[in-house]
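Participant: In our numbering, the protein residues as written are 47 to 153.
The C-beta atom is built at its ideal place from N, Cα and C for all residues, glycine as well.
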């Protein structure tokens with residue numbers, strides 16, 4: 047039997063994996079409040095090494111949650127608005143699908 051995951055399942059898992067670290071959540075929260083942001087601003091906001099911030103930015107960018115462009119001598123990052131909206135809808139749909147409603151089955 048060949049069962050495959052749906053495109054939605056693949057996408058939400060990719061977003062969730064990228065969001066699976068507190069530093070990445072802090073970066074996303076910071077960027078969500080900005081129009082755009084330079085790398086230096088992000089590094090100053092978080093209590094982690096510059097190289098570590100760079101690794102987390104790469105993970106978020108690879109997942110499509112943020113986007114960036116080179117502006118010598120800095121790299122500018124901001125929220126990828128299209129994918130942010132997609133993630134918002136996917137998570138809302140996922141958390142809204144529970145069949146048990148207000149009943150409790152385990153408690």
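Could you have a look at residue 81 and say whether DSSP puts it in helix, strand or coil?
Facilitator: Of the three classes helix, strand and coil, the one that applies to residue 81 here is coil, per DSSP.
Participant: Whose C-beta lies closer than 8 Å to the C-beta of residue 124 among residues of the same chain, with five residues either side of it excluded?
Facilitator: Correct list, in chain order: 77, 80, 81, 82, 83, 112, 113 and 114.
Participant: So the alpha helix (DSSP H) residue 53 belongs to, where does it begin and stop?
Facilitator: Residues 53 to 64.
Participant: So, with DSSP's three-state summary, where would you put residue 112?
Facilitator: In this structure, residue 112 counts as strand in the three-state DSSP scheme.
Participant: Across the segment 101 to 111 and the segment 122 to 138, are there enough close Cβ pairs to call them in contact, namely three or more that are closer than 8 Å?
Facilitator: Contact between the segment 101 to 111 and the segment 122 to 138 is present, because at least three Cβ pairs lie under 8 Å.
Participant: Could you tell me how far apart the beta carbons of residue 64 and residue 92 are, in whole angstroms, since I believe they sit closer than 8 Å?
Facilitator: Not a contact, Cβ separation roughly 16 Å.
Participant: Between residue 96 and residue 88, what straight-line distance do the alpha-carbon atoms span, to the nearest angstrom?
Facilitator: The straight-line gap from Cα to Cα measures roughly 9 Å.
Participant: Alpha carbon to alpha carbon, what distance is there between residue 55 and residue 49?
Facilitator: Computed Cα separation, rounded: 13 Å.
Participant: Grab me the residues of residue 140's own chain with a C-beta within less than 8 Å of its C-beta, minus the 5 sequence neighbours each way, in chain order.
Facilitator: Hits under 8 Å: 58.
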